[in-house]
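All remarks here apply to the structure that follows.
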Amino acid sequence: MTPAVHLDGITKRFPGVVANDNVDLRVEEGSVHALLGENGAGKTTLMNVLYGLYQPTEGTVRVNGEPRSFASPSDAIDIGIGMIHQHFMLVDPMTIAENVVLGNEPRKYGGLLIDRERARKEVLELSDKYGFNVDPDARIEEVSVGVQQRVEILKALYRGAEILILDEPTAVLTPQEVEELFEVFDELTSQGKTIIFITHKLGEAMHAADDITILRNGKNVGSLDAKGVTREDLAQRMVGREVLMEPQVTPQEPGEVTLDVSHLHVEDTRGVEAVSDVSFSVRSGEIFGIAGVDGNGQSELVEAITGLTNPTDGDITYRGRQLESMTRRERIDSGIAYVPEDRHERGMVMPFNLVQNGILGSQHTSEFAPSGRINWETAGAHATEIIEEYDVRPPTAEATAESLSGGNQQKFIVGREFDRDPELVVATHPTRGVDIGAMEFIHERIQELRANGKAILLISSKLEEVQGLSDRLAVMHEGEFSGIVDPSSVTEEQIGLLMAGESISGGENAALREEDVA
C-alpha cells in the first residue's frame, strides 16, 4: 500500500547544525502517526520540510507516492497538506468563521464583496461534518484554547487538507481538552484524513497514535507500532539511556516556616474574586504542592505571592516580613525565584538573546553590574553555564529567545531561576513543554533545592508530578482549597474528586485541618 507520506533520506543542514540526518519516515493513509523526541531532536524541522517552510538539503519528499518539491507552504497546501503550529495564528477580535476563511473568503457581486453568510454556512457545515461543535459567530478572544485549536484545524480542512500536521498540539490544553482533541483525531481518520502530530509526551503518543517514529539528535532511532511499546522503551530510545520515570523523594524533616499565607483573597483582572480565604505555609526543606484544573485561582494566588498583583485581603509573610511592602525587585533580591506560568509574557523577552534573558531581574546586582554598568562578559558566561547544565538547544548564548522551541525556552527559564540560589522557589508548571529527559533533570534539581533547605511552592497541572514530588499537597477548586493531603497516602481518584470540589473519605485526608495549613 502506498503511504500518504514518505520522507526518504531527508537531511536538513543549517550553519553549524545538522537538524535532520538522513531521516526516513513513512505515514500510512488514514492513520495517526506520532513523531516523538526530545526538545531539539529535529521533529519540527522535519515537518517544516514536509510543509514547505524549509527545503531539504538532501532527500526526497513523496506524497501519495508522487515525488514533491515545495517552494513554500502554499505548494504544500495546494496538494492537501495543512500544518497547525504550536502557537496559533488567529486574529482575536474576528469571529471563528472569519478566521477560518481568512485569505480564501467566498465572494459575491462579481467578487466585490465578501459573502459573510456563505462563509458562516460553510464553516458551520464543516464543523458539523467533523463533530467540532464550534459557534461560527463566536470571537476568538471569547473562546477557550481548545476551541481555538479546533479553529486552526478547521482552517486547514477548509483549504482542502487531507494530511494534517500538528506541532505539540496538547502543550496548552487541559486534560479534558486533550481527550477531546484525540476524539477529533478519531473522527478525522474515520473520514480518511491522515494525521501526524509532534510530541514529547510518551503517554499521549501511546494513547492516540497508530504508529510512532522516534527522533534523537536529528536521526530516526525507531519506527514502532504504538500498540506494542512500553513507556520505558520509548523513553530509552528518546534519550539514549535509561530514564527514571517517577520522581523518587527521600523523606526529610522540614525546618522553619519560610512562606506563610493567611486568609488570602485575590481578585482577577475582571474584579471577580479568584482566591477566597486561602491559608497555608511552606517550610524550608519542604515542597508544598498545589494541584487543580487550570483556572481555579492558581494563577492569581501565585501573582499575589510574586508581586504581580495585590491581594484584596489577607496576609503574606516571607521569612517574617510582610510581602505586600516589598517591590518585585526586592522580592527577587531577598531570595524569591519564580518560574512563571506563561514563559512568553512573564519569563523572557522574546527578541532578546539568552545572554540578556539570563540576567533578567538581576541586571542591577553586583554580580553582573559591579560598577553600575553590565559586564557582558560575565553575563555571557552565566548564560553559557545555564545552556550547558540544562542542555538548551541550540547551544549558543547569542540565540534569541524567540528562536528556541517552547521546551528549550522553559529549560532556560528554570535554569536561570534555580541558579539565583533562592530561599523560596515559586515554580508554576516547571516542566511544561519539556521532554522526558529534561523533566527528569528538572525534578532532580527541585529535589536538590529541597535537600539544601530551600522552600518550594510547586503548582502543576500534571498530577503525577505534583503528587510525586510534594511533601504536602493542596487541591484547589474555585479559588479555595478543597483539601490538603498527604500525597503518599491518597489516590489519584481521591485527588480527582477534590479537584472537582467533592469531599473524600479516608480519615485524616478527608478534610482541611488547621495543623495541615500551619
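1 is the number of the first residue of the sequence shown in UniProt numbering; add one for each residue after it.
All C-beta atoms in this analysis are idealised placements derived from N, C-alpha and C, irrespective of residue type, glycine included.
Cβ-based neighbour list, residue i, same chain, cut-off 7 Å, excluding 5 preceding and 5 following
i	result
residue 229	206, 212
residue 235	202, 243, 245, 436
residue 465	431
residue 389	415
residue 508	A caution first: residue 508 carries a pLDDT of 40, below 50, which makes its placement in the model unreliable, though a value can still be read off. Around residue 508: no qualifying Cβ.
Contacts around residue i, its chain only, beta-carbon distance under 8 Å, and the 5 residues preceding and following it disregarded
i	result
residue 502	482
residue 104	158, 159
residue 252	285, 450, 451
residue 513	With a pLDDT of only 41 at residue 513, under 50, the local geometry of the prediction cannot be trusted, and no value is derived from it.
residue 369	363, 375
residue 94	102, 139, 140
residue 187	130, 131
residue 402	350, 351
residue 561	Look at the range of the chain in this structure, 1 to 518, and you will see that residue 561 is not part of it.
residue 329	361, 364
residue 78	none
Short Cβ contact (9 Å threshold) for residue i with residue j
i	j	result
residue 319	residue 334	yes
residue 115	residue 106	yes
residue 396	residue 387	yes
residue 219	residue 42	yes
residue 39	residue 405	yes
residue 282	residue 259	yes
residue 339	residue 249	no
residue 56	residue 63	no
residue 337	residue 254	no
residue 177	residue 145	yes
residue 33	residue 209	yes
residue 197	residue 457	no
residue 189	residue 72	no
residue 425	residue 302	no
residue 420	residue 361	yes
residue 161	residue 80	yes
residue 60	residue 12	no
residue 185	residue 455	no
residue 100	residue 164	no
residue 314	residue 382	no
6 Å CB neighbourhood of residue i in its chain, flanking five on each side removed
i	result
residue 127	134
residue 28	3
residue 237	214, 221, 222
residue 75	52
residue 268	274, 300
residue 317	260
residue 460	429, 466
residue 433	171, 406, 407, 410
residue 323	316
residue 584	No information on residue 584 is available, as it lies outside the stretch 1 to 518 that the chain covers here.
residue 88	148, 152
residue 224	212
residue 326	none
CB-CB length for residue i against residue j, believed under 8 Å
i	j	result
residue 474	residue 182	Not a contact, Cβ separation roughly 30 Å.
residue 343	residue 410	6 Å
residue 496	residue 247	In fact, because the Cβ distance is near 20 Å, the residues do not count as touching under 8 Å.
residue 168	residue 199	6 Å
Where the alpha helix (DSSP H) containing residue i begins and where it ends
i	result
residue 306	298 to 306
residue 281	Element bounds for residue 281: not the alpha helix (DSSP H) but the beta strand (DSSP E), 273 to 283.
residue 51	43 to 51
residue 407	406 to 418
residue 496	492 to 499
CB contact check: residue i to chain C, cutoff 9 Å
i	result
residue 105	Note that chain C does not occur in the displayed structure, where there is just one protein chain.
Beta strand (DSSP E) segment containing residue i, residue limits
i	result
residue 22	17 to 27
residue 33	32 to 37
residue 75	Counting along the chain, residue 75 falls outside any beta strand (DSSP E), though it belongs to the alpha helix (DSSP H) covering 73 to 78.
residue 59	58 to 63
residue 67	66 to 68
residue 262	257 to 267
residue 424	424 to 428
residue 317	313 to 318
residue 40	Neither: residue 40 is in no beta strand (DSSP E) and is coded neither H nor E.
residue 142	From DSSP, residue 142 is part of no beta strand (DSSP E); its letter is neither H nor E.
residue 87	Per DSSP, residue 87 belongs to no beta strand (DSSP E) and is neither H nor E.
residue 8	5 to 14
residue 287	286 to 291
Going residue by residue through the stretch 102 to 136, where are the continuous alpha helix (DSSP H) segments of at least 4 residues, counting only ones entirely within it? 116 to 129
Which whole runs of the beta strand (DSSP E) in the stretch 452 to 484 are 3 residues long or more, in chain order? 455 to 459, 472 to 477
Can you list, in chain order, the stretches of the beta strand (DSSP E) that have 3 or more residues and sit fully within the stretch 205 to 250? Taking only runs of at least 3 residues, the beta strand (DSSP E) segments lying wholly in the stretch 205 to 250 are 211 to 216, 219 to 225.
Can you give, in chain order, each stretch of the beta strand (DSSP E) that sits fully within the stretch 157 to 202 and has at least 3 residues? 163 to 167, 194 to 199
Going along the chain, which unbroken runs of the alpha helix (DSSP H) with 4 or more residues stay wholly within the stretch 325 to 404? 328 to 333, 354 to 358, 376 to 389
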